[in-house]
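In this text, residue positions in the sequence shown follow this note's numbering: the first is 14, and each later residue adds one.
Written out below as structure tokens is the structure these notes cover.
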Amino acid sequence: MTDTFSFPDDLLKLQVELHRAYAEHRDFLAGLPWSVEPMQGWARGERFSHRGDVPDSPGMTDEQKQRAERMRQELRDLSAAVVDHSYWATVAREDVVAARMLLKKQTRSDAVTPEAVWGVR
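Pasting the structure below:
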């Protein structure tokens, strides 16, 4: 297994953009109502809720739905561009996972951490 990989600049840039897009999408979703459509909330005990009481949700606006879909499409496009990059054909099959993880690690800035991208603590 190879411990170092020489990633092309365009692949590095694509991965940085993918990190950015994930972080922006997560931040956007965090500010939205909990339900896409208007939905009545409930008190703890009426339904299972680890959060306690759940307030009514006004639902998302059409603009919010459209923006969320544009952001998901950007994520799909960037993910496909990274996965389909011609560089991966030059990596030994048994090294692809290690190379992919290293690419993610090398391109993740302090501002774009796993916590920011995935909500992991």
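Where a beta carbon is used, it is the ideal one built from N, C-alpha and C, also for glycine.
Note that the structure is a prediction, hence the values are computed from the model and not measured.
> Hey, L31 and L91 are a contact pair by Cβ (cut 8 Å); roughly how many whole angstroms apart?
Replying inline: 4 Å
> Thinking C-alpha only, which one of P71, V110 and D22 is nearest Q53?
Replying inline: P71
>> Nearest by alpha-carbon distance to A36: which of P51, L24, D22 and A81 is it?
In response: A81
> For the region 16–49, which segments carrying the beta strand (DSSP E) assignment without a break, of at least 3 residues, lie completely within its bounds, in sequence order?
Replying inline: none
> Out of G65, V104 and E76, which has the shortest C-alpha to C-alpha gap to V49?
Replying inline: E76
> How should V95 be labelled, buried or exposed, when 16 other C-beta atoms within 10 angstroms of its C-beta is the threshold for buried?
Replying inline: buried
>> Please list the terminal residues of the continuous alpha helix (DSSP H) segment that includes R80.
In response: D75 to V96
>> Cutting at 6 Å between CB atoms, please list the residues of its own chain near V104, excluding the five before and the five after it.
In response: A112
>> Within 10 Å of its beta-carbon, does A34 have 16 or more other beta-carbons around it, so buried, or fewer, so exposed?
In response: buried
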